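In what follows, a single structure is set out as C-alpha cells and then discussed.
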Amino acid sequence: MMIRRRELWLVTSLMLVAFALRVVELTNRSIWLDEGTTLLRLSGSLVNNLTNVIYVAGERTIDTQPQLYFLLLQGFVTLGGEHEFIFRFFSVAFGVLCAPTTYTLARRMFDAPTAVLATLFVALSPGLIWYSREIRMYSLVPFLAAALTLAAYRCSRATQRVALAWLAWIALAIAGFLTHYSFVGLIAGQGAFLLTWTARHWDEFHARDRRTLIAAGASLAGAGLLALATPFVREVLVRLLGGQEMNYASAPIEIVVQTQFGGFLLGMNAFDFSGGVIGLVAGALCLATAVVPLLMGSSGKMRTAHALLAASVATPVVLWFALSFLKPNYQGFRHLILIAPMTAVLLARCCAWPISGFGTQSASLLWRTAGTTMGALIVGLQLYGVAATFIRTPHWQDDWRALAHYVRDHWQPGDVLVIGGLPTVAIPITPYLRGVPWFQEDGVNAPAQLPPNARRVWYVDRGRGQPRQLNGSPFIRREVNFPARSTAITLRLLELDPPFVEALPAEALAVDGAAAADMPRLAAYALSPGAPLNPQPNTSLTLYWQRPTTSGAGFPGEVNVAFRLRYGDAVWLDANVRADLDVIGAWPTDGYFRTEHIVPIPMGLPALPYHLEMSVLAGDKQERIQHVAAPLSPEAVACCIRVTIWPAREQPMTIAAVAAPQPPLVLQPARIPFPPLPSFGDIRISVVERPASLHPGEPLPVVLTWLPARADLTPWQSRLTLQGLLGGDLAATQRVAGTPDFPVEAWPTGEPVRDQYVLDVPFSAQPGWYRLQLERWRDGRRVDGAFLGLVRIEDYPPIARSGTGATSRKCTRGRAEPARLQRERAGGARPHA
C-alpha cells in the first residue's frame with residue numbers, strides 16, 4: 027500500500043482536527059453515573075478490578091463491564107496522576123487513534139478518496155467525539171473494532187505469514203471481548219465470514235498453513251469456552267435462559283438503526299429534525315453499499331471487502347435486536363459504537379464509488395455530482411452535530427458537579443449531606459464532595475439517625491422529600507433543580523432549627539429604621555464566619571425579619587438586601603443578597619423570621635471602623651423600603667470582615683445552574699500576571715485589581731493588595747498615574763498609603779492589606795491604550811515604582827437620534843455601570859471563577 031505525501035498530510039491534518047474537537051473544553055461536562063463507576067473501579071485493588079468487584083455505599087457489588095479498559099486506565103493514571111483531565115485524556119487518545127486506523131482499513135480495502143473520506147467522517151462524527159470525552163471504554167471500543175476488522179481483512183488476503191495474521195485477529199478479538207461484550211456480535215460476524223472464506227479456499231493453503239488455521243480455530247473455541255466458564259457469564263446465561271430478564275419489551279429494529287446511524291451523524295445533543303429518517307437513510311445507504319457490489323459480481327478483492335464490511339456491521343445490529351427478546355438492551359449509540367468505523371468506511375465508499383465507477387463523460391459528471399453532494403451533506407450533518415455537542419442545553423449533562431459545588435459554597439459547620447435514592451446516586455457526586463460530610467440514606471453503613479449537632483440537612487431528593495433518619499417536619503429553606511440528562515436532580519436544604527424565633531438571640535444586633543406598613547421590616551442582623559469550603563472569602567449574614575404590620579398584607583414580591591461597608595466617603599464592599607422571604611407560608615403573629623446568607627468578602631480588607639449600611643429593596647422595580655445604618659464593632663471586623671487567610675479549592679469549580687450572590691464588582695482572574703507583580707524588598711504587591719477598559723469621564727478604580735515582609739514599615743506616598751504610551755499624564759492621584767485608622771506602620775507581617783485608589787479620567791480622553799504606573803515617594807523623593815499594566819479607554823457607543831439618521835455619543839457622567847475589575851495575582855489565578 028503506497029501512501030503519497032499529500033495523502034499523509036491530509037490524514038495528519040484530520041488527526042489534528044480530531045484531537046482538537048475531542049480535547050477542547052475536555053473537563054466541562056460533569057462526571058455522570060457510569061463515569062463514577064469507572065472511578066470506583068480505579069479506587070479498588072487490582073484483585074477487585076480483575077474480579078469486577080466494587081463497593082457502593084459500603085455494599086459489595088459486581089460491575090457488569092469487563093476488565094481491560096480499567097486495567098489500562100489504572101496504569102495510565104499511575105503515570106499521569108489522578109486528575110479529571112488525565113482520566114478523560116486517556117479516552118481522547120484512543121478516539122484520535124481511531125481515525126488513522128480507519129484510514130488504514132479503508133485504504134487497504136479500496137482507494138485513497140474512500141480512505142480520506144472515511145477518516146474525515148470519523149474525525150467529525152459527533153457521536154464519537156461525545157464518547158471520546160468520557161471516562162469510559164467507548165473510545166477504545168471503536169479503535170479495537172477497526173483494528174479487528176483490519177486484521178480480519180488481512181487474514182482473508184494473506185499469502186505469507188498466515189499464522190501471524192490469524193494470531194493478530196485472535197488477540198484483538200480477545201482484547202475486544204475483554205473491553206465490551208458487544209464484541210460478541212462483531213466476532214461472530216467476522217468469524218462466520220472467515221470460516222466461509224477459509225472453507226472456499228482450503229485447497230489453496232499449504233499443509234503448514236492448514237495446521238495453523240486449525241490451531242487458531244481451536245484457540246478461539248477454547249477462549250470462548252473459557253469465557254463461558256467465568257461466574258459472571260454463567261450467571262448471565264442462566265438469567266437469560268430462565269427468562270428472568272424478560273421484563274421489558276423488545277427494542278424495534280428501526281430504533282436500533284436510527285440510534286446507531288443517526289448517532290454517528292448527529293451525535294447525542296443535536297435535535298433530529300427528521301424524526302429518525304436520517305438514521306434510517308444512512309443505514310439503508312450502508313446496507314446498499316455493502317450488498318450491491320456482491321450482487322453485481324465484483325472482483326475478488328472488492329467482493330471480500332464488501333462482504334467483510336457487511337458482516338461487521340449487520341451481525342452486531344441483528345444480534346443486539348435478537349438479544350432484546352431475552353434482556354432489555356437500553357438502546358443507545360454507545361452500546362453498538364463498535365460499528366462506527368465500518369459505518370464511516372461504507373458511507374465514504376458510497377460517496378467515492380460514483381466518482382470513479384462510471385466511464386462515459388455525461389454519466390461520470392452526473393455521478394460525480396451525486397457523490398460530491400452526498401459527501402457534503404454528510405459533512406454538513408456532522409458539523410451540525412458537532413456544534414450541538416458543545417451547546418449547554420438543559421439535557422447536556424447530569425450536573426452533579428454543580429450540585430456538589432453549590433453545597434460546598436454554602437456548607438457551614440453543623441451541616442450534613444444525605445444522598446437519597448438508589449445507592450448508585452452517590453457514585454457521580456462523591457468525587458466533587460471534598461471536605462463535605464455525607465452518607466448514603468439507604469447505605470449499608472447509614473446511621474439510624476442524624477448526628478446530634480446537625481443544624482441543616484442537604485438532601486439529594488429522589489422523590490421522598492426528606493431522609494428517613496429525619497423525624498418530624500423540617501423547614502424547607504431552599505429547593506434547587508440542576509440540569510439533568512438521564513434523571514432529575516433536586517437538592518433540598520432542610521433546617522432542623524425552627525426559622526421563627528420569639529425573641530432575638532444574644533448575638534443579634536437590633537437596627538433602627540422604619541418600613542412601610544405593608545412591607546416586611548428588617549429588625550436585626552448578626553455576622554459570623556462564613557462557609558469555609560467556598561473558594562471566595564465570605565462572611566455569614568443572618569437577618570431577622572418582622573411581619574408587615576398591616577393585617578392581610580400581600581407578599582411584596584422579590585426582596586433583596588443591599589449590603590455596603592463604608593469608611594468615610596470610601597465604599598469598601600458593595601454586595602447584594604436575596605432575602606429568601608418567599609419560602610414563608612404564613613407570617614407568625616409575633617416573633618422574627620430568620621434568613622441566612624453568604625456575603626463574599628475581598629481578601630485583605632483593612633481593620634477599620636466601618637459603617638454598615640443595609641437597604642431593603644422590594645417589588646418589581648426594586649424600590650428601597652427600608653434603610654438601616656450602624657457602626658461595626660472591632661470584634662465583628664476581626665471575626666468576619668478582615669480575612670487574611672482563606673483555604674483555596676483543590677481544583678477549579680463552576681456553578682452552572684445556580685450561582686451564589688456576587689458583588690457588583692466582578693473580579694476576572696488572569697492566569698499569568700502581566701506585567702509581573704512588583705516587589706519592593708520590605709513589601710510586595712500580591713494582587714492588582716483594575717478595569718480592563720472604561721469610557722472617558724468614568725472613574726478608574728484601582729485596588730492594590732499589599733503583602734508586608736516585615737513589621738514597622740516606613741510610611742510612603744503612593745502616586746498612581748495613567749499615562750500615554752509615549753508619555754504624558756492623563757490622570758493621577760496621590761496620597762499616603764493606608765488609612766489613618768490602619769496606617770502602614772500597623773500592617774501585620776505576612777497578612778494582605780487592600781489599598782483603594784480612584785483616578786478621575788477626563789472627558790477629553792482619547793480612545794486608546796494607556797499605561798498604569800505606580801510610584802512610591804518618601805520625603806519628597808521618588809523611592810521606587812512599577813508598571814501595573816495597560817488600560818483601554820473606549821469611545822461611547824453611538825446612539826441614533828430619533829427622527830434622523832444621525833448618531834450621537836452617550837457620555838453621561840455618574841450613570842456608568844460599576845467597573846468590571848480585572849484581577850491579577852502573584853502565583854497564578856485566584857481560585858474562583
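Numbers in this note's numbering are just positions in the sequence shown, counted from 1, shifted up by 26. Glycine is no exception: its CB is placed at the ideal position from the N, C-alpha and C atoms. Here the structure is a predicted model, which means the values were calculated and not measured.
Beta-carbon within less than 7 Å of residue i's beta-carbon, same chain only, minus the 5 sequence neighbours each way: which residues are those?
{"i": "residue 505", "result": "516, 518"}
{"i": "residue 590", "result": "597, 599, 600, 639"}
{"i": "residue 48", "result": "118, 121, 122, 155, 158, 159"}
{"i": "residue 204", "result": "92, 93, 94"}
{"i": "residue 477", "result": "442"}
{"i": "residue 279", "result": "347"}
{"i": "residue 304", "result": "288, 291, 292, 298, 407"}
Just list the residues that DSSP pairs residue i with in beta bridges.
{"i": "residue 550", "result": "536, 570"}
{"i": "residue 60", "result": "Bridge partners of residue 60: none, in fact."}
{"i": "residue 815", "result": "798"}
{"i": "residue 289", "result": "Paired residues: none, contrary to the question."}
{"i": "residue 379", "result": "Bridge partners of residue 379: none, in fact."}
{"i": "residue 780", "result": "731"}
{"i": "residue 602", "result": "588"}
{"i": "residue 465", "result": "444"}
Rounding to the nearest angstrom, what Cα-Cα distance links residue i and residue j in this structure?
{"i": "residue 561", "j": "residue 437", "result": "12 Å"}
{"i": "residue 244", "j": "residue 226", "result": "19 Å"}
{"i": "residue 57", "j": "residue 424", "result": "8 Å"}
{"i": "residue 421", "j": "residue 55", "result": "11 Å"}
{"i": "residue 400", "j": "residue 713", "result": "57 Å"}
{"i": "residue 814", "j": "residue 168", "result": "52 Å"}
{"i": "residue 637", "j": "residue 767", "result": "13 Å"}
{"i": "residue 700", "j": "residue 816", "result": "Per-residue confidence for residue 700 stands at a pLDDT of 49, beneath the threshold of 50, marking its modelled position as unreliable; no derived number is given."}
{"i": "residue 215", "j": "residue 288", "result": "22 Å"}
{"i": "residue 130", "j": "residue 349", "result": "32 Å"}
{"i": "residue 721", "j": "residue 757", "result": "13 Å"}
{"i": "residue 33", "j": "residue 142", "result": "8 Å"}
{"i": "residue 149", "j": "residue 50", "result": "14 Å"}
{"i": "residue 739", "j": "residue 660", "result": "23 Å"}
{"i": "residue 482", "j": "residue 525", "result": "11 Å"}
{"i": "residue 43", "j": "residue 668", "result": "50 Å"}
{"i": "residue 45", "j": "residue 166", "result": "15 Å"}
{"i": "residue 36", "j": "residue 221", "result": "36 Å"}
{"i": "residue 241", "j": "residue 252", "result": "16 Å"}
{"i": "residue 653", "j": "residue 662", "result": "20 Å"}
Less than 6 Å between C-beta atoms, sequence neighbours within five positions excluded: which residues of the same chain meet that for residue i?
{"i": "residue 340", "result": "none"}
{"i": "residue 62", "result": "453, 454"}
{"i": "residue 180", "result": "191"}
{"i": "residue 78", "result": "88, 89"}
{"i": "residue 606", "result": "621"}
{"i": "residue 755", "result": "747, 749"}
{"i": "residue 831", "result": "Here residue 831 scores only 49 on pLDDT, less than 50, and its place in the model is too uncertain to base an answer on."}
Can the beta-carbon of residue i be found less than 8 Å from the beta-carbon of residue j?
{"i": "residue 520", "j": "residue 546", "result": "no"}
{"i": "residue 569", "j": "residue 551", "result": "yes"}
{"i": "residue 502", "j": "residue 467", "result": "no"}
{"i": "residue 100", "j": "residue 68", "result": "yes"}
{"i": "residue 718", "j": "residue 744", "result": "no"}
{"i": "residue 282", "j": "residue 357", "result": "yes"}
{"i": "residue 617", "j": "residue 533", "result": "no"}
{"i": "residue 171", "j": "residue 364", "result": "yes"}
{"i": "residue 510", "j": "residue 410", "result": "no"}
{"i": "residue 513", "j": "residue 82", "result": "no"}
{"i": "residue 508", "j": "residue 588", "result": "no"}
Quick one: is the Cβ of residue i within less than 7 Å of any heavy atom of the ligand GTP?
{"i": "residue 364", "result": "No copy of the ligand GTP appears in this structure; indeed no ligand is present at all."}
CB-CB under 8 Å to residue i, same chain, minus the five flanking residues each way: which ones, in chain order?
{"i": "residue 385", "result": "Note that residue 385 has pLDDT 46, beneath the 50 cutoff, so the model's placement of it is unreliable and the number below is only indicative. Answer for residue 385: no residue qualifies."}
{"i": "residue 705", "result": "711"}
{"i": "residue 112", "result": "102, 103, 106"}
{"i": "residue 760", "result": "743, 744, 745, 746, 803"}
{"i": "residue 778", "result": "629, 630, 670, 712, 713, 731, 732, 733"}
Three CB pairs or more closer than 8 Å across the segment 314 to 330 and the segment 193 to 201
Inter-segment contact for the segment 314 to 330 and the segment 193 to 201 is absent: fewer than three beta-carbon pairs are separated by less than 8 Å.
Does the segment 151 to 169 come close enough to the segment 288 to 302 that 3 or more CB-CB pairs lie under 8 Å? Segments in contact, yes.
Worksheet item: Any contact of the segment 103 to 118 with the segment 363 to 373, i.e. 3+ C-beta pairs under 8 Å?
Response: With the rule of 3 Cβ pairs closer than 8 Å, the segment 103 to 118 does not count as touching the segment 363 to 373.
**Asked** Would you call the segment 729 to 744 and the segment 766 to 785 touching, i.e. three or more CB-CB distances under 8 Å?
**Response** Contact holds: three or more Cβ-Cβ distances are below 8 Å.
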